[in-house]
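Per this note's numbering, the very first residue in the sequence shown carries number 1; after that it's consecutive. Yeah, the Cβ is synthetic: ideal placement off N, Cα and C, and Gly gets one too. A quick note: this is a predicted structure, and the numbers were derived from the prediction, not measured.
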Amino acid sequence: MKYSRQLDLPALLKKKSHFLFGPRGTGKTTLIRQSLPNATVFDLLDAKTYTDLLREPGILAQVDPGPGRLIVIDEIQKLPALLNEVHRLIESKQLRFLLTGSSARKLRRGAANLLGGRAWQANLFPLTWREIPNFNLIQYLNRGGIPFIYQSPNFKDELRNYVSLYLRDEIQAEATVRNVDAFARFLDAAALTNGEEIQFQSLSSDSGIPARSLANYFQILEDTLLGFALLPFTRTKKRKAITRNKFYLFDVGVTNTLCRRGAIQPKSELFGRAFEQFLICEVRAFLSYKGHDSSLQYWRSTSQFEVDLIVGTDLAIEIKGTELVTDKHLKGLRALKEEKIIRKHVVVSLDSRKRKLDDGIEIWPWSDFLEALWGGDLVK
């Protein structure tokens, strides 16, 4: 199946060289092949290419990239020293580069030359609603959005292998942590608390890992693109806000596998959790692909009012896996609306039609919400 990805590489590269980071399997190589067919590509997973460039980085200067003068170096973290030559060629020959990888951590830890602003960064995420023809919500909530997994009839086996390979290749091979078994226990515990506030003492007790190590492990998840933090919204004055971060894994299918969940079915608690993660990841991808710098946060007061997602000061979103939103689902949004900070307040649900309440809160069917989001109607 061919997917129409929302990341416009040709448009980005007209402006500047770029690093392109994304978790393994999200489709970086496929996207490059489809959208940059005339680029000169050096794949560092190819043993001969790697060995040749390790011995003689000057090979890059001897290649004529032709019209557009674009060179792609795939898996740049395998050979960080090559960035010195890239830097020189950007300066001396005005060449344009796309430098891809599944993690920036090894580059940063090795004090690699990150080109001092001469290359910007873009990220590629799992497939979004916008990119999948004939999108099937239940299929997505069970499989996630990694392209080769989403379309596989053996998606459960694919997900299990993907998780174990990620641990071995991204964590162990990069020597990011010394105790891979401990990190695997942490990852299981982190998945079980996916979308909840991070409480280090409780997580330490569950995983058997010292609390002082957990912050570093969460940073590893972010650096290797396996997850992201959702920061607390603390600008409310009438009600004091909780200040702990939430944390989400990058893909609902990976979360399902780590949590050893069964099939996700409508009207179940698991459906609600997976539905929330899907929509938050969708908004995150939209902001990145469209170049918005709005923050992503959540709000919870000490009196336990909560709103799932706040986008800058544009949009407050409560996510409910119900077919009929009623007053009991609106307490958090109404409490936040009293602060008069956020422009628009919406509930995204399984409701069959959009409606607007007397107090201005809007109820959106999830597909209508995503249509408006990707259409640029909700976040300016």
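Range covered by the alpha helix (DSSP H) that runs through W366: W366 to W374
Label F148 either buried or exposed according to how many other C-beta atoms from any shown protein chain fall within 10 Å of its C-beta, with 16 as the threshold for buried. exposed
Which one or two residues does DSSP pair with P147 in a beta bridge? Its beta-bridge partners do not exist; DSSP assigns none.
Residue range of the alpha helix (DSSP H) that includes V86: L82 to K93
Let me confirm a value: N154 is counted as buried when at least 16 other C-beta atoms fall within 10 Å, else exposed. Which label applies? exposed
Does the contact criterion of 3 or more C-beta pairs under 8 Å hold for the segment 70-79 versus the segment 32-44? yes
Is the distance from the Cβ of F247 to the Cβ of A229 below 8 Å? yes
Figure out for me which residue from F305, I90 and G376 has the closest Cα to the Cα of T236. F305
Beta-carbon spacing of L309, I341 below 8 Å: no
Would DSSP call I76 helix, strand or coil? helix
What does the alpha-carbon distance come out to for the pair N84 and T30? 27 Å
Measure how close the beta-carbons of L107 and Q77 come, nearest whole angstrom, since I'm counting them as under 8 Å. 6 Å
If you draw a straight line from the C-alpha of G376 to the C-alpha of R5, how long is it? 17 Å
Please state whether DSSP places H292 in a helix, a strand or coil. coil
What number of angstroms, rounded off, separates the C-alpha of S303 from the C-alpha of K354? 30 Å
Anyone know if the C-beta pair for V283 and G144 falls short of 8 Å? no
C-alpha distance - V379 paired with K337, whole-angstrom precision: 17 Å
Local conformation of A191 per DSSP, three classes: helix
Y217 beta carbon less than 8 Å from that of G25: no
Residue range of the unbroken beta strand (DSSP E) whose run includes Y248: K246 to L249
Cα-Cα separation, E197 to L231: 10 Å
Does S213 come out as helix, strand or coil in the three-state DSSP assignment? helix
Looking only at DSSP bridge pairs, what is Y298 linked to? P232
Please report the distance separating the alpha-carbon of V307 from that of K2. 36 Å
For the alpha helix (DSSP H) that V346 lies in, which residues bound it at each end? No alpha helix (DSSP H) contains V346, which is instead part of the beta strand (DSSP E) from K344 to S349.
Could you give the first and the last residue of the continuous beta strand (DSSP E) run that contains T51? Segment A47 to R55 is the alpha helix (DSSP H) holding T51; no beta strand (DSSP E) there.
Collapsed DSSP secondary structure at E269 in the structure displayed: helix
Sort N179, R334, G227 and T224 by Cα distance to P210 and report the nearest one. N179
Looking only at DSSP bridge pairs, what is W120 linked to? H18
Whose CA, out of L225, T243 and E269, lies closest to the CA of F250? L225
Excluding the five sequence neighbours on either side, which residues of its own chain have a C-beta within less than 6 Å of the C-beta of E323, listed in chain order? L350
Does the beta-carbon of A119 have 16 or more other beta-carbons within 10 angstroms, so that it is buried, or is it exposed? buried
Cβ-based burial, P23 [other Cβ within 10 Å; buried from 16]: buried
Quick check: what's the CA-CA separation for H18 versus D359? 45 Å
Sequence-distant residues of the same chain with beta carbon closer than 6 Å to T100, five excluded per side: L20, K28 and D74
Between which two residues does the alpha helix (DSSP H) containing G66 stretch? Run containing G66: none; DSSP gives neither H nor E here.
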